[in-house]
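S.K.:
In our numbering, the protein residues as written are 110 to 238.
(1) Per the DSSP calculation, residue 216 is bridged to which residue(s)?
(2) Using DSSP bridges, identify the partner residues of residue 204.
(3) Between the alpha carbons of residue 139 and residue 192, how many angstroms are there, rounded?
(4) Quick one, which of 200, 157 and 173 has its alpha-carbon nearest residue 218's?
(5) Answer yes if the region 153-162 comes into contact with the region 205-217, meaning at least three C-beta pairs across the two stretches below 8 Å, and no otherwise.
(6) Relative to the C-alpha of residue 177, which residue among 125, 165 and 116 is closest?
(7) Below 8 Å on the Cβ atoms is my guess for residue 221 versus residue 187; work out the distance and round it to an integer in Å.
(8) Can you give the Cα-Cα distance for residue 171 and residue 197, rounded to whole angstroms?
(9) Check each candidate in 154, 110 and 174 and name the one with the smallest Cα separation from residue 182.
(10) Nearest-angstrom Cα distance between residue 143 and residue 113?
(11) Considering only the alpha carbon of each residue, which of 116, 141 and 179 lies closest to residue 208?
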């Protein structure tokens, strides 16, 4: 009996795993390990603190203050940039809604970098937190 691989789209015998599937699951395991690491948890908290625990997009673009459901977004995905996963300029605090939009490329990387640049130069968030 054979099954269709959701990754490569080919038929494989039951119990057989194709190389692209193994590589993908290894990468996902590595990403999970990173997201549970002390280094990531510390950096995530630093970025939220830098951004005054506000969604930067809501504040700078929509001109509203959102403090609920905050997440730290990697502008360049972890899988695409190993060296960028802990760099401040690659990270931004977003509410869940804007994080999902950014993940779907509905907010451009250029716009996100611009918002981070403003924050890093003291222009993007209020002095209070």
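For each residue, glycine too, the CB sits at the ideal point set by N, CA and C.
M.R.: Straight from the coordinates:
(1) Locating residue 216 in the chain shown gives position 107, where the first residue counts as 1. In DSSP, residue 216 forms no bridge with anything.
(2) Locating residue 204 in the chain shown gives position 95, counting from the first residue. Per DSSP, 179.
(3) To locate residue 139, count along the chain shown from 1; it is residue 30. To locate residue 192, count along the chain shown from 1; it is residue 83. Those two C-alpha atoms are separated by around 14 Å.
(4) Your numbering for residue 218 matches position 109 in the chain shown. With distances taken between Cα atoms, residue 218 lies closest to 200.
(5) no
(6) In the chain shown, counting from the first residue as 1, residue 177 sits at position 68. Looking at the Cα atoms, 165 is the closest of the given residues.
(7) By one-based count along the chain shown, residue 221 stands at place 112. By one-based count along the chain shown, residue 187 stands at place 78. In fact, because the Cβ distance is near 15 Å, the residues do not count as touching under 8 Å.
(8) On the chain shown, residue 171 is found 62 positions in, with the first residue counted as 1. On the chain shown, residue 197 is found 88 positions in, with the first residue counted as 1. Straight-line Cα distance between these residues: approximately 23 Å.
(9) Within the chain shown, the letter at position 73 stands for residue 182. The option with the nearest alpha carbon to residue 182 is 154.
(10) Within the chain shown, the letter at position 34 stands for residue 143. Within the chain shown, the letter at position 4 stands for residue 113. Near 30 Å, if we compare the C-alpha coordinates of residue 113 and residue 143.
(11) Taking the chain shown and counting its residues from 1, the one referred to as residue 208 is at position 99. Per the Cα distances, 179.
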